[in-house]
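Student: The sequence shown begins at 1 in UniProt numbering and counts up one residue at a time.
Where is the CB? At the ideal position from N, CA and C, for every residue including glycine.
Structure below; questions to follow.
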Amino acid sequence: MEIVRSHRQVAAAAAGGGAGALPTYKAAPQLEVRLEEFELFAIDRLRVLKGISDGLSRGKRPEEVEKLVNELWKTHMGHQDPAETLNKDIISHFVLRLVYCRTEELRKWFLSMETTLFRYRFRLENPESQRMLMTEFQLPYKALPHSEFEAVKDKLSQVARSIGQSANVDHVFFKVWTLVLAIYPFSIYIFCSVQKLIPSKSYCNPIKVPFEQVPDLVASRRVFLSKGYAYVAMNQVVSLVVTQFRCNISKALALTNRKWSATIKEQEKDRLTPIVEALSNAYFGPDYSQPKDAVDISLKDIDQLAKSSFPLCMRHMLDKLRENHHLKHGGRLQFGLFLKGAGLKLEDALAFWRAEFSQKIGSERFDKEYAYSIRHNYGKEGKRTDYTPYSCQNIISATPGVGDHHGCPFRHFGEENLRAALNKMGVGGHALEEIIDKVKNRHYQLACTLTFETTHGVSCDSGINHPNQYFSESQKVLRAKNQKMESQSAT
Numbered sequence: 001m002e003i004v005r006s007h008r009q010v011a012a013a014a015a016g017g018g019a020g021a022l023p024t025y026k027a028a029p030q031l032e033v034r035l036e037e038f039e040l041f042a043i044d045r046l047r048v049l050k051g052i053s054d055g056l057s058r059g060k061r062p063e064e065v066e067k068l069v070n071e072l073w074k075t076h077m078g079h080q081d082p083a084e085t086l087n088k089d090i091i092s093h094f095v096l097r098l099v100y101c102r103t104e105e106l107r108k109w110f111l112s113m114e115t116t117l118f119r120y121r122f123r124l125e126n127p128e129s130q131r132m133l134m135t136e137f138q139l140p141y142k143a144l145p146h147s148e149f150e151a152v153k154d155k156l157s158q159v160a161r162s163i164g165q166s167a168n169v170d171h172v173f174f175k176v177w178t179l180v181l182a183i184y185p186f187s188i189y190i191f192c193s194v195q196k197l198i199p200s201k202s203y204c205n206p207i208k209v210p211f212e213q214v215p216d217l218v219a220s221r222r223v224f225l226s227k228g229y230a231y232v233a234m235n236q237v238v239s240l241v242v243t244q245f246r247c248n249i250s251k252a253l254a255l256t257n258r259k260w261s262a263t264i265k266e267q268e269k270d271r272l273t274p275i276v277e278a279l280s281n282a283y284f285g286p287d288y289s290q291p292k293d294a295v296d297i298s299l300k301d302i303d304q305l306a307k308s309s310f311p312l313c314m315r316h317m318l319d320k321l322r323e324n325h326h327l328k329h330g331g332r333l334q335f336g337l338f339l340k341g342a343g344l345k346l347e348d349a350l351a352f353w354r355a356e357f358s359q360k361i362g363s364e365r366f367d368k369e370y371a372y373s374i375r376h377n378y379g380k381e382g383k384r385t386d387y388t389p390y391s392c393q394n395i396i397s398a399t400p401g402v403g404d405h406h407g408c409p410f411r412h413f414g415e416e417n418l419r420a421a422l423n424k425m426g427v428g429g430h431a432l433e434e435i436i437d438k439v440k441n442r443h444y445q446l447a448c449t450l451t452f453e454t455t456h457g458v459s460c461d462s463g464i465n466h467p468n469q470y471f472s473e474s475q476k477v478l479r480a481k482n483q484k485m486e487s488q489s490a491t
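Laid out in structure tokens, this is it:
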């Protein structure tokens with residue numbers, strides 16, 4: 001299918017979904033998209049949203065998030081031709097709307113990330129574009145009548161000063177008077193009198209709206225409230241716009257979910273449905289189907305490596321394997337593919353599993369019932385596919401049953417068991433509480449990242465997205481420490 005790329009059609013799509021260069025995605029564009037671009041556009045946008053999610057989870061400040069959003073957008077969504085960027089922007093949003101409409105959890109995440117993305121992109125728009133977007137949302141932006149402004153200007157100035165939003169004219173005024181005060185201290189009386197006469201520029205032309213339209217500004221006490229209305233400064237109007245944007249997207253996701261469940265899922269079961277269902281668990285990192293850096297691990301190394309370099313999920317399964325001499329299918333698959341990606345050869349893998357299982361079921365039964373699946377994981381049986389180890393997203397989305405030990409401990413463990421497991425890894429004190437806090441907020445990968453940083457004494461800015469990444473990064477850190485110790489001992 002050919003994708004339509006004419007400027008006229010792109011402009012029409014934008015007009016149906018937003019003003020200026022920033023769409024509001026009110027209506028899906030009438031564009032034909034090639035299947036490969038359908039997926040690739042969505043993946044690029046997903047990289048942006050996941051980058052924002054990681055930044056927010058790490059507690060980045062607003063100015064840091066703004067810089068992050070700008071960098072992510074340029075890297076993954078930018079194009080030399082603005083029409084191409086707009087085209088990709090609109091298409092990728094509607095593809096991901098399909099992907100993330102399917103469950104409440106997915107909708108909640110997508111709504112939060114898209115709203116954050118829109119907020120920071122709106123702030124980067126010029127004033128004219130912002131006014132166009134307000135018109136698009138049918139929001140008021142006319143200044144207050146002079147009489148009403150005069151009545152509330154002192155209150156507005158107090159709010160502005162309390163949140164550090166003094167105007168540029170204030171800034172110059174303060175600098176001049178600071179110099180004057182240094183020379184003529186008595187002029188403080190003049191300063192205090194004049195300063196009261198200068199309202200903050202931030203609140204020169206405020207917008208008066210019902211207070212429930214700007215809940216975040218009310219909660220943070222960044223607006224003046226009077227008789228059920230909030231007086232919103234022009235440089236805070238993004239909150240008003242974002243609230244309306246969030247409401248629109250939330251309603252659209254619910255409608256899309258109904259359409260997906262009723263017709264689209266079945267109609268597209270052989271074409272789009274597999275792509276849509278896979279994208280929400282997509283992993284974008286390196287392929288770990290083969291060990292990195294041509295590293296091989298041997299049977300005798302596994303226990304020591306588990307102690308030093310295995311992530312919690314893999315340490316847990318090894319412990320249960322040693323304890324019960326058995327793992328159910330989900331555990332064998334998750335742990336077996338991890339060991340393969342870490343560098344355990346097929347012959348050693350067969351010996352490893354046989355040594356454990358034979359203690360419970362005997363070697364003959366192992367060869368009949370389990371050896372085939374191990375060879376299959378290594379691409380030596382069946383379709384001879386070289387299977388890839390599971391990513392964190394796949395593991396987190398698993399639903400282990402009774403007696404299962406696979407899945408993500410940060411998601412599937414109770415708090416008491418998780419604390420005990422982390423204590424066993426040497427994690428305690430403030431670091432442990434920070435990890436538990438991330439888990440309570442459902443930031444499971446960030447909790448794993450913090451565990452890595454605590455146990456290895458280094459930062460991991462990229463975050464942990466794959467168990468084999470955890471193992472590989474751990475080995476790099478340990479090798480670097482060993483080399484440093486050797487060089488110090490040699491000198």
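For Phe471, which of helix, strand or coil comes out of DSSP?
Tutor: Taking the sequence shown and counting its residues from 1, the one referred to as residue 471 is at position 471. Three-state result, Phe471: helix.
Student: Within 10 angstroms of its Cβ, does Thr135 collect 16 or more other Cβ (buried), or is it exposed?
Tutor: What you label residue 135 is simply residue 135 of the sequence shown in a count that begins at 1. Classification for Thr135: exposed.
Student: Taking the alpha-carbon positions, what's the Pro215 to Ile436 distance?
Tutor: Position 215 of the sequence shown, counted from the first residue, corresponds to residue 215. Position 436 of the sequence shown, counted from the first residue, corresponds to residue 436. Roughly 29 Å between the two C-alpha positions.
Student: Helix, strand or coil: which one does DSSP assign to Pro389?
Tutor: The count along the sequence shown starts at 1 and reaches residue 389 at position 389. Correct three-state label for Pro389: coil.
Student: Is Cys101 closer than 8 Å to Thr256 when the C-beta atoms are compared?
Tutor: What you label residue 256 is simply residue 256 of the sequence shown in a count that begins at 1. What you label residue 101 is simply residue 101 of the sequence shown in a count that begins at 1. Yes.
Student: Pull up the DSSP beta-bridge partners for Leu344, would you.
Tutor: The residue you call residue 344 lines up with position 344 of the sequence shown. Paired residues: Ile297.
Student: Let me know if Met317 comes out buried or exposed under the rule of 16 or more other beta-carbons within 10 Å of its beta-carbon.
Tutor: On the sequence shown, residue 317 is found 317 positions in, with the first residue counted as 1. Counting Cβ neighbours within 10 Å, Met317 comes out buried, since at least 16 surround it.
Student: Please report the distance separating the alpha-carbon of Phe174 from that of Ser162.
Tutor: Position 174 of the sequence shown, counted from the first residue, corresponds to residue 174. Position 162 of the sequence shown, counted from the first residue, corresponds to residue 162. Caution is warranted here: a pLDDT of 41 is assigned to Phe174, below 50, making its placement in the model unreliable, and the coordinate value is therefore given only provisionally. Spanning the two alpha carbons is a distance of roughly 16 Å.
Student: Between Tyr231 and Val209, what straight-line distance do the alpha-carbon atoms span, to the nearest angstrom?
Tutor: The count along the sequence shown starts at 1 and reaches residue 231 at position 231. The count along the sequence shown starts at 1 and reaches residue 209 at position 209. Approximately 7 Å, taken between the alpha carbons.
Student: Give a yes or no on contact between the stretch 45 to 59 and the stretch 437 to 447, applying the rule of three or more CB pairs nearer than 8 Å.
Tutor: A contact exists between the stretch 45 to 59 and the stretch 437 to 447.
Student: Output the distance between the C-alpha atoms of Gly463 and Tyr288, rounded to the nearest integer angstrom.
Tutor: Within the sequence shown, the letter at position 463 stands for residue 463. Within the sequence shown, the letter at position 288 stands for residue 288. Using only the alpha carbons, I get a separation of about 16 Å.
Student: Counting C-beta neighbours from all protein chains within 10 Å, is the total for Gln130 16 or more, i.e. buried, or is it exposed?
Tutor: Here residue 130 corresponds to residue number 130 of the sequence shown, with the count starting at 1. By the 10 Å Cβ count, Gln130 comes out buried.
Student: Please give me, in chain order, every unbroken run of the alpha helix (DSSP H) with length at least 4 that falls completely inside the stretch 65 to 108.
Tutor: Correct list: 82 to 100.
Student: Our contact map puts Gln244 next to Leu117 with C-beta atoms below 8 Å; I'd like the distance itself, whole angstroms only.
Tutor: Residue mapping note: residue 244 aligns to position 244 of the sequence shown, counting from 1. Residue mapping note: residue 117 aligns to position 117 of the sequence shown, counting from 1. Rounded, the Cβ-Cβ distance is 15 Å, inconsistent with contact.
Student: Is it true that the CB of Tyr283 sits closer than 8 Å to the CB of Gln158?
Tutor: Here residue 158 refers to the residue found at position 158 when the sequence shown is read from its first residue. Here residue 283 refers to the residue found at position 283 when the sequence shown is read from its first residue. The answer is no: Cβ separation not under 8 Å.
Student: When the distance is taken between beta carbons, is Leu327 closer than 8 Å to His405?
Tutor: The residue you call residue 405 lines up with position 405 of the sequence shown. The residue you call residue 327 lines up with position 327 of the sequence shown. It is a contact, given that the beta carbons lie within the stated cut-off.
Student: Give me, in chain order, the residues of the same chain whose beta-carbon lies closer than 7 Å to that of Asn468; leave out the 5 immediate sequence neighbours on both sides.
Tutor: As a first step, residue 468 is located in the sequence shown; it is residue number 468 there, counting from the start. The residues are Tyr288, Phe338, Gly341, Ala342, Pro389.
Student: When you compare each of Lys26, Val477, Leu22 to Asn248 by their alpha carbons, which one comes out closest?
Tutor: On the sequence shown, position 248 is the one that residue 248 refers to. The shortest C-alpha separation from Asn248 is found at Lys26.
Student: Given this structure, state the Cα-to-Cα distance separating Asp89 from Tyr372, to the nearest angstrom.
Tutor: Taking the sequence shown and counting its residues from 1, the one referred to as residue 89 is at position 89. Taking the sequence shown and counting its residues from 1, the one referred to as residue 372 is at position 372. One C-alpha to the other measures close to 46 Å.
Student: Do you know how far the Cα of Pro127 is from the Cα of His466?
Tutor: In the sequence shown, residue 466 corresponds to position 466, counting from 1. In the sequence shown, residue 127 corresponds to position 127, counting from 1. His466 and Pro127: Cα-Cα distance of roughly 43 Å.
Student: Within the continuous beta strand (DSSP E) that includes Ala230, where are the two ends?
Tutor: Here residue 230 refers to the residue found at position 230 of the sequence shown. 229 to 232 is the span of the beta strand (DSSP E), which, as asked, contains Ala230.
Student: How many angstroms separate the CA atom of Asn234 from the CA atom of Phe110?
Tutor: In the sequence shown, counting from the first residue as 1, residue 234 sits at position 234. In the sequence shown, counting from the first residue as 1, residue 110 sits at position 110. Looking at the sequence itself, residue 234 is Met, so the reference to Asn does not match. Whole-angstrom Cα-Cα distance: 28 Å.
Student: I'd like to know whether the C-beta atoms of Leu46 and Leu96 end up nearer to each other than 8 Å.
Tutor: Mapped onto the sequence shown, residue 46 falls at position 46. Mapped onto the sequence shown, residue 96 falls at position 96. Contact: yes.
Student: Quick one: residues in its chain with C-beta nearer than 6 Å to the C-beta of Leu68, no 5 flanking neighbours on either side, listed in chain order?
Tutor: As a working note, residue 68 is residue 68 in the sequence shown. Correct list, in chain order: Gly55.
Student: How would you call Leu321, buried or exposed, if buried means at least 16 neighbouring beta carbons within 10 angstroms?
Tutor: As a first step, residue 321 is located in the sequence shown; it is residue number 321 there, counting from the start. Looking at its Cβ environment, which holds 16 or more other Cβ atoms inside 10 Å, Leu321 is buried.
Student: Looking at Glu66 and Tyr120, is the spacing between their C-beta atoms short of 8 Å?
Tutor: Translated into positions along the sequence shown, residue 120 becomes position 120. Translated into positions along the sequence shown, residue 66 becomes position 66. Yes.
Student: Are Val477 and Thr454 touching if we call contact CB-CB under 8 Å?
Tutor: To locate residue 477, count along the sequence shown from 1; it is residue 477. To locate residue 454, count along the sequence shown from 1; it is residue 454. Contact: no.
Student: With distances taken from CA atoms, which of Ser472, Glu473, Arg419 is nearest Ala447?
Tutor: Stepping through the sequence shown from its first residue, residue 447 is reached at position 447. For Ala447, the nearest C-alpha among the options comes from Arg419.
Student: Provide the residue span of the alpha helix (DSSP H) that contains Ile464, from first to last.
Tutor: Within the sequence shown, the letter at position 464 stands for residue 464. Element bounds for Ile464: n/a, residue is neither H nor E.
Student: Thr75 to Glu323, Cα distance in whole Å?
Tutor: Counting from one through the sequence shown, the residue named residue 75 turns up at place 75. Counting from one through the sequence shown, the residue named residue 323 turns up at place 323. Answer to the nearest angstrom: the Cα atoms are 48 Å apart.
Student: Could you please give the first and the last residue of the uninterrupted beta strand (DSSP E) stretch that includes Ser226?
Tutor: Taking the first residue of the sequence shown as position 1, residue 226 is located at position 226. That run of the beta strand (DSSP E) goes 224 to 226.
Student: By Cβ distance below 8 Å, which residues in the same chain neighbour Asp44 in space, the five residues on each side in sequence not counted?
Tutor: Position 44 of the sequence shown, counting from 1, holds the residue named residue 44. Answer for Asp44: His76, Met77, Lys88, Ser92, listed in chain order.
Student: If Phe122 and Leu22 are in contact, beta carbons under 8 Å, what's the gap, nearest whole angstrom?
Tutor: Taking the first residue of the sequence shown as 1, we reach residue 122 at position 122. Taking the first residue of the sequence shown as 1, we reach residue 22 at position 22. Rounded, the Cβ-Cβ distance is 6 Å, consistent with contact.
Student: Give me the Cβ distance between Lys380 and Leu432, rounded to the nearest whole Å; I'm assuming they're in contact under 8 Å.
Tutor: Within the sequence shown, numbered from 1, the residue matching residue 380 stands at position 380. Within the sequence shown, numbered from 1, the residue matching residue 432 stands at position 432. Contact doesn't hold; Cβ gap of about 43 Å is too wide.
Student: Which one of Thr263, Val237, Asn281 has the shortest CA to CA distance from Lys50?
Tutor: As a first step, residue 50 must be located in the sequence shown, where it is residue number 50. Nearest of Thr263, Val237, Asn281 to Lys50, Cα basis: Asn281.
Student: Restricting to runs no shorter than 3 residues, where is the beta strand (DSSP E) found entirely within the stretch 207 to 288?
Tutor: As far as the stretch 207 to 288 is concerned, its whole beta strand (DSSP E) runs of at least 3 residues are 207 to 210, 224 to 226, 229 to 232.
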